[in-house]
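Down below is the structure, laid out as C-alpha cells.
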Amino acid sequence: MTAPAEGWVTASEFAACTLEDDPRSISIARNVARATLRGWQLEDLVDDVASVASELVANALRHGLCEPSWSQAPHPVVLSLLRRGSEVVCAVFDPGTGVPRVCVADPFAESGRGMQIVECLSDSWGWSEPGPYGKAVWARFSAGGRAAAPAEEHGVEQPLTRLLVLVEVLTGSSPPQLQAVA
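Per the numbering used here, numbering through the sequence shown is continuous, rising by one, with the last residue being 210.
Quick look at the structure:
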C-alpha cells in the first residue's frame with residue numbers, strides 16, 4: 029500500500045481528509061473514500077460510500093461555507109470515515125449552521141437531489157447539532173445491505189462520538205457537539 033496522500037490521516041479503522049473550498053475537493057473526497065474502503069477490503073460499499081461522500085462534500089461546499097467568516101479558514105471541510113466491523117460511518121464536517129434536508133427537485137432541475145441520493149444509498153443518515161464550529165453530516169453503511177434496525181441500535185452514536193473526538197484532536201478545536209453527544 030502506498031503512503032497516504034498529503035492532508036489526510038489514517039489508522040486501521042479511521043481516515044480523515046481536510047478539503048479546501050474548491051470544486052476539485054468533491055473528486056478528492058470520492059477518491060479518498062474509494063481508496064480507504066478498498067484498503068479496508070469493503071469492496072461492496074466502495075461505490076455507495078464514494079457517491080455519498082461526494083454528495084456530502086458538495087453540500088458542505090455549497091451550503092456549509094456560506095458564512096463570510098469561514099471563507100478564510102485553511103481547511104473548512106473535513107471528510108472522515110470510520111469503520112467498525114462491517115459498518116462504515118462517513119461524516120463531513122463543515123463550519124455552517126444550516127441542517128440538511130431532503131428536497132423534491134423539479135424534474136428539469138440540475139441540482140437538489142443530493143440528500144435523496146444519500147438517503148437511498150445509506151442505511152441511515154443524520155447530523156450533529158450545529159454550533160459555533162459548525163456541524164457534522166453523517167451516513168452509515170453496512171456490508172450486506174441496509175440494516176433493519178435504526179442507527180441508535182447499531183451504536184452509531186459511539187462511532188460518531190469517536191469521529192468528533194478525532195476531529196477535535198486533529199483540528200485543535202473543541203466542537204460543542206462533543207458535549208451534546210458524550
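Ideal Cβ placement from N, Cα and C applies to all residues, glycine included.
Predicted model only: the values in this text are computed from it and were never measured.
Nearest-angstrom Cα separation, counted from residue j out to residue i
i    : j    : result
F121 : L107 : 7 Å
W98  : V60  : Because the pLDDT of W98 is 48, which lies under 50, any placement of that residue in the model is unreliable, and the number read from its coordinates should be weighed accordingly. Between W98 and V60, the C-alpha separation is close to 24 Å.
H182 : S170 : At H182, the pLDDT of 37 sits below 50, so the modelled position is not reliable; the number obtained from the coordinates is stated separately. Cα to Cα, the separation comes out at about 10 Å.
G67  : A43  : 11 Å
V105 : V132 : 26 Å
R90  : S152 : 22 Å
L47  : A88  : 10 Å
S130 : L73  : Strictly speaking, residue 130 in this sequence is Val, with Ser absent from that position. Rounded to the nearest angstrom, the two C-alpha atoms are 22 Å apart.
T125 : M143 : 17 Å
K163 : Q69  : 29 Å
Contact test: residue i Cβ vs the ligand HEM heavy atom, cutoff 7 Å
i   : result
L70 : Among the components of this structure there are no ligands whatsoever, and the ligand HEM is therefore not found.
Local Cβ density within 10 Å of residue i, reported as buried at 16 or more and exposed below that
i    : result
S82  : buried
R111 : buried
C45  : buried
C148 : exposed
E71  : exposed
P150 : It is Ser, not Pro, that sits at residue 150 in the sequence shown. So S150 counts as buried.
S53  : buried
D76  : buried
G113 : exposed
G172 : exposed
Three-way DSSP call (helix, strand, coil) for residue i in this model
i    : result
A167 : strand
R129 : coil
E147 : helix
R58  : helix
A176 : Here the model assigns A176 a pLDDT of 40, short of 50, so the residue's position is not dependable, and the following value carries that caveat. A176 falls in the coil class under three-state DSSP.
G67  : helix
S82  : helix
L5   : Missing from the structure shown is residue 5; the chain here goes from 29 to 210 and no further.
G142 : helix
E47  : According to the sequence as given, residue 47 is Leu; it is not Glu. Here L47 sits in strand by DSSP.
S53  : helix
Expected contact under 8 Å - CB spacing of residue i and residue j to nearest Å
i    : j    : result
V165 : P123 : At roughly 12 Å, the Cβ-Cβ gap does not stay under 8 Å, so V165 and P123 are not in contact.
V117 : R168 : 5 Å
T64  : L109 : 5 Å
S55  : I145 : With 8 Å as the limit, S55 and I145 do not qualify as a contact, their Cβ atoms being about 16 Å apart.
Counting pairs of beta carbons, one from the segment 151-164 and one from the segment 55-71, are three or more of them closer than 8 Å? no
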